[in-house]
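There are 2 protein chains.
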Amino acid sequence: MRRSSPDTISARQTDIFHYIENFVTQYGYSPSIRDIQNALDISSTSVVAYNLRILTAKGWIEREDKISRGIRPKRNRNGNGGIDLFRVPLLGTITAGGPLPEPEEVDPSSADKVTVPPDLADVSRLGDVYALKVRGQSMIDALIDDGDIVLLRFQNTAENGQMVAARLLDDNAVTLKKFYHEGEQVRLQPANQTMSPIYVPADNVVVQGRVVGVIRSLM
Amino acid sequence: MRRSSPDTISARQTDIFHYIENFVTQYGYSPSIRDIQNALDISSTSVVAYNLRILTAKGWIEREDKISRGIRPKRNRNGNGGIDLFRVPLLGTITAGGPLPEPEEVDPSSADKVTVPPDLADVSRLGDVYALKVRGQSMIDALIDDGDIVLLRFQNTAENGQMVAARLLDDNAVTLKKFYHEGEQVRLQPANQTMSPIYVPADNVVVQGRVVGVIRSLM
DNA sequence: GGCTTGACAGCACAAGTGTTTGGCGGGTAT
DNA sequence: ATACCCGCCAAACACTTGTGCTGTCAAGCC
């Protein structure tokens, strides 16, 4: 028996989905059922509602019942990136050893915000993600340059090899380094080969977050 | 005479604006007037409408008349980045010398799309920007890793020092390099100092686009 | 004191919008 | 053939939501 796979949708559903995507991109809010109906020359609103239900069931869009214009495209044909939009607070600057404001010190709701591409959205959806602007080239070999914006997930532990924002209590300084737990000590390894690793007592280091994304603008 | 500046808004308007911003971030669509009314304990819808009109006049939000949930925040308190959302077509993959699809070859409206952070939005607003996913580490010297997404503005010329996607006609290969025009020749300079530049005749190089942004996910 | 203006309240209305019900035609399985 | 499901159509219905009055009240101005 021929059953349509969960990932395949009819031509009309494809049209509807694309129309929604473009509409949202263009206007910033989603089309109403009647917008879709008129644009695609569909004879009845119920047909749109019918297909919308299918698109929802198959995970292409998300809807809120009874809410006007509450359609959100979830993914495109490859299943990646959707229209989902996430904004995380840009809490400050991280320099080659300079201090990093504690996330708690800055009101996330009043901070500048950075829009996170959907590719990084899985983690930012969790809500404990923030952004920092990188100053200096201490992480150049980790492919992180001056001016880049790094996305950090707030967490206090890290596994070896993960790139973290580490605060050195004694120096009251924070750097981006690769983290290696080595017995009583912690090795903070710059990605840049011209720079030496730092060895510090484990109790002198507080992990402030793990790097989960990088955004660079070359304007 | 004391007149409120165009950029200052009352406490209630600040609340409303922030509520809208957060609401949109969270739900992906904007709140209705009554949503705002209830959330902020305002006694009448007309008060919300009244303040919304002011916010619109002062440029904090945009609205479409008669459209349900058609509010779009335009800027935050710092005047930078708004909720503006730009999506550019993801036209394909760029590999370690593999062919790059001509932008014209792919219908941008049907291609996958990548959401561009507002930081990169100035250029993407122009509409001639596309994205490529990087496959392989041939661009590692340009701080671009496997899996990164590069944003390119379509242009056939480049100024010295700009990073471009350059097609070498003889090799039918494309790389990302810094571009320097030197007389009859073109120097393609990797960003990594440990790697040597490539010198090629100027008529063997076609610039396919300039790199304007990089997005990396470390998940 | 009158007058204007800004901000808010209450309420009713109308337009916008999602939902539902019943029906129709063409496939496909039994 | 019959039954059934899918995709579509039409129209009515009901809820959602923006808008438009009409007032109230306090502050400033002449």
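Top line first, the protein sequences correspond to chains A and B.
Take 7 as the starting number for the first sequence in our numbering and just add one per residue.
Take 7 as the starting number for the second sequence in our numbering and just add one per residue.
Cβ coordinates follow ideal geometry from the N, Cα and C atoms, glycine included.
It should be emphasised that the depicted structure is a prediction, and the values quoted were computed from it without experimental measurement.
Where does A/Thr62 sit, in a helix, a strand or coil, going by DSSP?
-> A/Thr62 falls in the helix class under three-state DSSP.
Closest residue to A/Val180 among A/Gly189, A/Thr99, A/Val220 (Cα-Cα distance) = Taking each of A/Gly189, A/Thr99, A/Val220 in turn and checking the Cα distance to A/Val180, the smallest one comes out for A/Thr99.
Helix, strand or coil at A/Tyr35 according to DSSP, with G and I counted as helix = Here A/Tyr35 sits in coil by DSSP.
Alpha carbon to alpha carbon, what distance is there between A/Val217 and A/His187?
-> Cα atoms of A/His187 and A/Val217: separation of roughly 17 Å, rounded to the nearest angstrom.
CB contact check: A/Arg159 to chain B, cutoff 7 Å = No, its Cβ sits nowhere closer than 7 Å to a Cβ of chain B.
Cβ distance (whole Å) where A/Leu157 is taken to contact A/Met169 below 8 Å = About 11 Å; that fails the 8 Å criterion.
Look at the alpha carbon of B/Val135 and the alpha carbon of B/Arg159, and state the distance between them as a whole number of angstroms.
-> For B/Val135 and B/Arg159, the gap between their C-alpha atoms comes out near 4 Å.
Between the C-alpha atoms of B/Asn84 and A/Arg78, what's the straight-line distance to the nearest angstrom?
-> Confidence at B/Asn84 is low in this model, with a pLDDT of 33, below 50, so its placement is unreliable and the value that follows should be read with caution. A/Arg78 has its alpha-carbon roughly 28 Å from the corresponding atom of B/Asn84.
Thinking just about the alpha-carbon of each residue, which of A/Asp21, A/Ser36, A/Phe29, A/Glu27 is nearest to the one in A/Leu46?
-> When each option's Cα is compared against that of A/Leu46, the closest is A/Asp21.
Listing by chain order, which chain B residues have their CB less than 7 Å from the CB of A/Leu61?
-> Here the premise fails: no neighbours, minimum Cβ distance about 15 Å.
Boundaries (first-last residue) of the beta strand (DSSP E) holding B/Thr14 = Secondary structure note for B/Thr14: it is in no beta strand (DSSP E), with a DSSP letter that is neither H nor E.
Can you tell me whether A/Tyr205 is buried or exposed, with buried defined as 16 or more other CB within 10 angstroms of its CB?
-> Residue environment: A/Tyr205 is assigned as exposed (fewer than 16 neighbouring CB atoms within 10 Å of its CB, all protein chains considered).
Mind checking B/Ser36: buried by the 16 CB within 10 Å criterion, or exposed?
-> With 16 or more other Cβ atoms within 10 Å, it is buried.
Where does A/Thr163 fall in DSSP's three states?
-> A/Thr163 falls in the coil class under three-state DSSP.
Residues in its own chain within less than 6 Å of B/Asn162 by CB, not counting five upstream and five downstream?
-> Only Val213 meet the Cβ criterion.
Decide if A/Asp154 is buried, meaning its Cβ has at least 16 other Cβ atoms within 10 Å, or exposed.
-> It counts as buried.
For chain A, find out if any of its Cβ atoms is closer than 7 Å to the Cβ of B/Pro109; answer yes or no.
-> Bear in mind that a pLDDT of 48 at B/Pro109, under 50, signals an unreliable position, so the number given afterwards is only what the model happens to contain. For B/Pro109, the answer is no, since every Cβ of chain A falls outside 7 Å of its Cβ.
Give a yes or no on whether the minimum CB-CB distance between A/Ser74 and chain B is below 7 Å.
-> For A/Ser74, the answer is yes, since a Cβ of chain B falls inside 7 Å of its Cβ.
C-alpha distance - B/Arg222 paired with B/Thr51, whole-angstrom precision | Taking the Cα positions, B/Arg222 is about 44 Å away from B/Thr51.
Chain A within 7 Å of B/Ser202, Cβ atoms only | At a cut-off of 7 Å between C-beta atoms, B/Ser202 does not count as an interface residue with respect to chain A.
Determine the direct distance from the alpha carbon of A/Pro207 to that of A/Arg280, and round the result to whole angstroms.
-> Look at the range of chain A in this structure, 7 to 225, and you will see that residue 280 of chain A is not part of it.
Is A/Leu58 near the ligand GTP, with its Cβ less than 6 Å from a heavy atom?
-> In the structure shown, the ligand GTP is absent, as is every other ligand, since no ligand is present at all.
Sequence-distant residues of the same chain with beta carbon closer than 6 Å to A/Phe185, five excluded per side = Ala164, Gln168, Val170, listed in sequence order.
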